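Engineer:
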Amino acid sequence: MSINAYPVFDYRMGKVSFNLYRDRELTDFLDTEVDIYSSIHDDSGMIEVPLKTLLEAAGNAKELHISERTMRRLHANIEYARKHNIEVVTYYCF
């Protein structure tokens, strides 16, 4: 079983950013910071991650074992959020 996380910008879905199961160190970090798993029910849900938390995760990419592919996607999410003055990135997970 696999659950992907997709960012939601202006109610249109972007490309998958990370996987809640395969990117375990990242999702554990996010859960510690913002309790993401409380929003996931029956393997789906919306999670909200502050831009500040995404920046912290990106800064700790090596320690969190974030793949280059996931980092490219997180950087794209961060840049989009900065460009559009978004403080919290919403991900639709399913």
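Going by my numbering, the sequence shown opens with residue 252, and the numbers climb by one from there. All C-beta atoms in this analysis are idealised placements derived from N, C-alpha and C, irrespective of residue type, glycine included. From a predicted model like this one, the values you see are computed outputs, not experimental measurements.
On a CA-only basis, which of M252, R275, M264 and F260 is nearest T321? Give me that one, please.
Structural biologist: Out of M252, R275, M264 and F260, R275 has the C-alpha closest to the C-alpha of T321.
Engineer: Using the three-state DSSP reduction, which class does G265 fall into: helix, strand or coil?
Structural biologist: Residue state, collapsed to three classes: coil.
Engineer: Could you name the residues that DSSP lists as bridge partners for M252?
Structural biologist: In DSSP, M252 forms no bridge with anything.
Engineer: Between E319 and N311, what straight-line distance do the alpha-carbon atoms span, to the nearest angstrom?
Structural biologist: Distance between the alpha carbons of E319 and N311 is about 13 Å.
Engineer: Are the beta-carbon atoms belonging to V259 and Y343 less than 8 Å from one another?
Structural biologist: Cβ atoms of V259 and Y343: closer than 8 Å.
Engineer: Among the candidates L325, E338, R333 and N336, whose CA atom is the shortest distance from the CA of G265?
Structural biologist: Minimum Cα distance to G265 is reached at L325.
Engineer: Just grab the DSSP bridge partners of Y342 for me.
Structural biologist: P258 and I298.
Engineer: Mapping DSSP to helix, strand and coil, what is H292?
Structural biologist: H292: strand per DSSP, three-state reduction.
Engineer: I need the straight-line Cα distance from I329 to L302, nearest angstrom please.
Structural biologist: Each residue's alpha carbon lies about 7 Å from the other.
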